[in-house]
Amino acid sequence: MKIAVSATGQNREDMLDRRFGRCDYFQIYDTETEEFHVISNKGVSAGGGAGIASASQVMEEGITAVITGNLGPNAFELLEKSGIKAYSCEEIPVTGAIERFQKNQLSEIALAGKAHHGMN
Numbered sequence: 002m003k004i005a006v007s008a009t010g011q012n013r014e015d016m017l018d019r020r021f022g023r024c025d026y027f028q029i030y031d032t033e034t035e036e037f038h039v040i041s042n043k044g045v046s047a048g049g050g051a052g053i054a055s056a057s058q059v060m061e062e063g064i065t066a067v068i069t070g071n072l073g074p075n076a077f078e079l080l081e082k083s084g085i086k087a088y089s090c091e092e093i094p095v096t097g098a099i100e101r102f103q104k105n106q107l108s109e110i111a112l113a114g115k116a117h118h119g120m121n
């Protein structure tokens, strides 16, 4: 299983970013190999449609689950249609968010948040 965590930086101890579409990075953790890799979020520089760009990028990576703060309506819809589950977490280190996920301590995001329309 591959998990993408919206993150403020590239280090596993950097904080989870509660923004999905406008986070700087996605830290990707493979539960089978226990490997991490980091990708820059293409949505961060989008004038509009950041959630769509970010969701598409995550889908291309073969992600099974996303850990973030909340999702706008477009990102929520794309992830839901592709079968990717999203989970909500507060701003804690990425490693802590993954630990909570593995212990089933995170809530699944069942509803989209507000659209931000290019706002940070």
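The sequence shown begins at 2 in my numbering and counts up one residue at a time.
The C-beta atom is built at its ideal place from N, Cα and C for all residues, glycine as well.
Under the three-state reduction of DSSP output, Leu79 falls in the helix class. Taken in chain order, the whole beta strand (DSSP E) runs of length 3 or more contained in the region 58-105 are 66-69, 86-89. Scanning its chain for C-beta atoms nearer than 6 Å, with the 5 sequence neighbours on each side dropped, one finds around Met2 the residues Thr32, Thr65, in chain order. Ala56 and Leu79 do touch by the CB rule: their CB atoms are close to 4 Å apart, below 8 Å.
With contacts defined as CB atoms closer than 8 Å, Thr96 and Glu14 qualify as a contacting pair. In the structure shown, the three-state DSSP call for Ala56 is helix. Of the candidates Ile4, Phe21, Asp25, Asp25 places its Cα closest to the Cα of Gln11. Taking 8 Å as the cut-off, the Cβ atoms of Val45 and Ala51 count as close.
When only Cα atoms are considered, Ile93 and Ala87 end up about 17 Å apart.
When C-alpha distances from Arg23 are compared across Val67, Lys43, Ser89, Ser108, the shortest belongs to Lys43.
Judged by DSSP in its simplified three-state form, Lys115 adopts coil rather than helix or strand.
The beta carbons of Ala113 and Gly73 sit closer together than 8 Å.
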